[in-house]
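Student: Encoded as structure tokens, here's the structure I'll be asking about.
In my numbering, the protein residues as written are 223 to 527.
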């Protein structure tokens with residue numbers, strides 16, 4: 223192991239020393255020959271770090287060396303605390319996005335971990351998910367022993383608010399949890415369902431605007447989380463169409479694309495499917511805000527599917 227005569231702390235953005243792992247630094251890179259770097263890679267790093275990649279790419283090792291030395295010290299000390307990936311990334315690379323969003327970071331921390339044959343678990347880090355807003359019914363926990371519970375994901379804020387109040391007051395007692403999907407945000411936040419008690423075998427329903435974008439969100443949502451059985455809230459869509467009428471559907475304000483709506487239509491009766499096709503193909507839409515507090519009694523009777 224090659225050490226400098228006057229050890230220096232390797233610093234990122236002038237962090238306090240208490241945040242630094244490699245407080246006894248290796249010799250400066252400018253003082254080392256390729257032969258010495260080879261020796262450092264084979265004998266100086268903690269044994270759990272894979273060295274095959276960097277033995278064949280010494281120039282990259284020179285560039286990544288400050289980070290690798292930190293990682294070596296961290297892994298050898300067996301970190302007692304598991305940090306979030308962003309916290310650990312800031313500690314190791316000086317950039318909180320280096321592990322979770324390397325494309326938006328100054329440095330790709332994932333590439334270094336891959337080169338060293340390490341995982342997030344090896345460096346005491348874990349991915350945490352963006353939370354979503356949700357409301358559980360009063361009976362949610364008592365139904366934990368039942369085979370399945372019913373969870374409704376709603377695209378827009380106002381409709382979530384209306385249905386949330388109905389669920390809390392047991393006016394829609396067939397819904398155990400309602401989630402605010404926040405448009406396309408649900409595509410990245412839904413994994414948080416594991417943290418709030420949702421299970422793969424629960425029943426999941428989606429309800430959004432009846433337009434091209436709303437259908438596309440459903441398609442992407444169902445595809446990304448295919449382990450969950452996510453289906454449209456058929457009765458709510460049918461009720462919304464019947465309440466407003468196809469002839470009163472509004473023109474879409476902005477251009478929208480949908481790659482495929484046939485699979486979405488397949489969940490509905492022929493009549494409703496035809497109405498949805500008419501709305502979509504004529505660039506029309508019905509916002510889910512067409513359903514409001516005055517409709518709760520009807521929704522209680524018709525259910526979701």
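Glycine residues also receive a C-beta, built at the ideal position from the N, C-alpha and C atoms.
It should be emphasised that the depicted structure is a prediction, and the values quoted were computed from it without experimental measurement.
(1) Residue 295 to residue 340, Cα distance in whole Å?
(2) Any chance the segment 357-376 sits against the segment 398-410, with 3 or more Cβ pairs inside 8 Å?
(3) Assign residue 316 to buried or exposed, taking buried as 16 or more other Cβ atoms, counted over all protein chains shown, within 10 Å of its Cβ.
(4) Please determine if the segment 513-525 and the segment 453-466 are in contact, where contact requires at least 3 C-beta pairs separated by less than 8 Å.
(5) For residue 502, is the classification buried or exposed, using 16 other Cβ atoms within 10 angstroms of its Cβ as the cut-off for buried?
(6) How big is the Cα-Cα spacing for residue 327 and residue 390?
(7) Taking the straight line between their C-alpha atoms, what separation do you get for residue 227 and residue 420?
(8) Over what stretch of residues does the alpha helix (DSSP H) that includes residue 297 continue unbroken?
(9) Taking its Cβ as the centre, do 16 or more other Cβ atoms sit within 10 Å of residue 241, making it buried, or is it exposed?
(10) Rounded to a whole number of angstroms, what is the C-alpha to C-alpha distance between residue 483 and residue 363?
(11) Bridge partners of residue 358, per DSSP?
(12) Checking 8 Å against the spacing of the C-beta atoms, do residue 338 and residue 293 come in under that value?
(13) Pull the bridge partners of residue 427 from the DSSP assignment, please.
(14) For residue 512, which residues of its own chain have a beta-carbon under 8 Å away from its beta-carbon, when the five flanking residues on both sides are left out?
(15) Once DSSP output is grouped into helix, strand and coil, what is the label at residue 527?
(16) Label residue 510 either buried or exposed according to how many other C-beta atoms from any shown protein chain fall within 10 Å of its C-beta, with 16 as the threshold for buried.
Tutor: This is what the structure gives:
(1) C-alpha separation (whole angstroms): 14 Å.
(2) A contact exists between the segment 357-376 and the segment 398-410.
(3) So residue 316 counts as buried.
(4) In short, these stretches touch, since the Cβ pair count reaches three.
(5) Under this definition residue 502 is a buried residue.
(6) Taking the straight line from one Cα to the other gives about 42 Å.
(7) Bear in mind that the predicted position of residue 227 carries a pLDDT of just 37, short of 50, making it unreliable; the figure below should be weighed with that in mind. Those two C-alpha atoms are separated by around 57 Å.
(8) Counting along the chain, the unbroken alpha helix (DSSP H) around residue 297 starts and ends at 280-298.
(9) Here residue 241 scores only 44 on pLDDT, less than 50, and its place in the model is too uncertain to base an answer on.
(10) Put simply, the backbone Cα of residue 483 is about 36 Å away from that of residue 363.
(11) DSSP lists 399 as partners of residue 358.
(12) Between residue 338 and residue 293, the C-beta gap is smaller than 8 Å, which places the two residues in contact.
(13) 374 and 453.
(14) Closer than 8 Å at the Cβ level, and outside the excluded window around residue 512, lie 462, 465 and 466.
(15) Three-state DSSP puts residue 527 in coil, outside helix and strand.
(16) By the Cβ neighbour-count rule, residue 510 is buried, with 16 or more other Cβ atoms within 10 Å of its own.
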